[in-house]
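A.B. asks: The opening residue of the sequence shown carries number 29 in this note's numbering; numbering runs sequentially from there.
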Amino acid sequence: MVKTIGALLILLSGSSIGWIISNIYLDRVRELRELQLAINIINTEITYGKTILSRALIRAAENLSSSMRLIFLESGRALTAGTGKTFHELWAETIEKYREGLNLNKEDLVILMNWGLQIGVSALENQSALNKLVIKRLELQEKEALEFASKRVKTARYAGVLLSLMIIILFY
29 MVKTIGALLI LLSGSSIGWI ISNIYLDRVR ELRELQLAIN IINTEITYGK
79 TILSRALIRA AENLSSSMRL IFLESGRALT AGTGKTFHEL WAETIEKYRE
129 GLNLNKEDLV ILMNWGLQIG VSALENQSAL NKLVIKRLEL QEKEALEFAS
179 KRVKTARYAG VLLSLMIIIL FY
């Protein structure tokens, strides 16, 4: 009885670890989609609504659910507070602050940093073109992340189950 319960606990924990690891791959895809949504919202707010950048960032944050929400919200609030820093400085600080909680890779972060460097410093038409270009780059990153995740998700889930079964066999 105790052995059976122990084996079930090992199997359950191994499977859970596999699922947790596989969700990391899927979270990157979700975060890239949220970034595209946020930049689309900002582009619409600035281009058609003639909204200032700080308010557009806050409105974009209202439509997000992950840690991306915190980045856009904090950047918008810091810009509203008028700290005397440029948007790029505030953006870089905020991304660095929340970097650990993100599932983005270096290429994704470079795209974000470059966007922060260029937004708000050119004419409205140029900003709209820049936003569309960044969205295209994020779409490519999302496609790459989806391909990577499709290969790794099943592997991670199966590995969790198989490793826990191996441990059960070794102990019993």
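Note that beta-carbon positions come from the ideal geometry of N, C-alpha and C, so glycine has one too.
Here the structure is a predicted model, which is why all the values come from computation and not from measurement.
Contact between the segment 52-72 and the segment 127-145: three or more CB pairs below 8 Å?
C.D. replies: yes
A.B. asks: Compute the distance between the beta-carbons of L92 and S103, then report whether it is under 8 Å.
C.D. replies: In this structure, the beta-carbon distance from L92 to S103 does not fall below 8 Å.
A.B. asks: Please identify the residue among M194, G144, V181 and I197 whose C-alpha is closest to the C-alpha of I52.
C.D. replies: V181
A.B. asks: Let's test the definition: count the other Cβ atoms within 10 Å of the Cβ of V162 and tell me whether it reaches 16, buried, or not, exposed.
C.D. replies: When all chains shown are included, V162 counts as buried.
A.B. asks: Provide the residue span of the alpha helix (DSSP H) that contains L152, from first to last.
C.D. replies: L152 to F199
A.B. asks: Please list, in chain order, all residues of the same chain as W143 whose beta carbon is under 6 Å from its beta carbon, the five residues on each side excluded.
C.D. replies: V162
A.B. asks: With 16 other CB atoms within 10 Å as the buried threshold, where does N71 fall?
C.D. replies: buried
A.B. asks: In angstroms with no decimal places, state the Cα-to-Cα distance between K125 and A88.
C.D. replies: 19 Å
A.B. asks: What residue does the alpha helix (DSSP H) around L130 start on, and which one ends it?
C.D. replies: Unbroken run through L130: none, as it is neither H nor E.
A.B. asks: Give me the residue from T32, I48 and Q64 with the minimum Cα distance to K171.
C.D. replies: Q64
A.B. asks: Alpha carbon to alpha carbon, how far is F199 from I33?
C.D. replies: 13 Å
A.B. asks: Check whether the Cβ atoms of R165 and I139 sit closer than 8 Å, and answer yes or no.
C.D. replies: Yes, the Cβ-Cβ distance between R165 and I139 is below 8 Å.
A.B. asks: Would DSSP call N91 helix, strand or coil?
C.D. replies: coil
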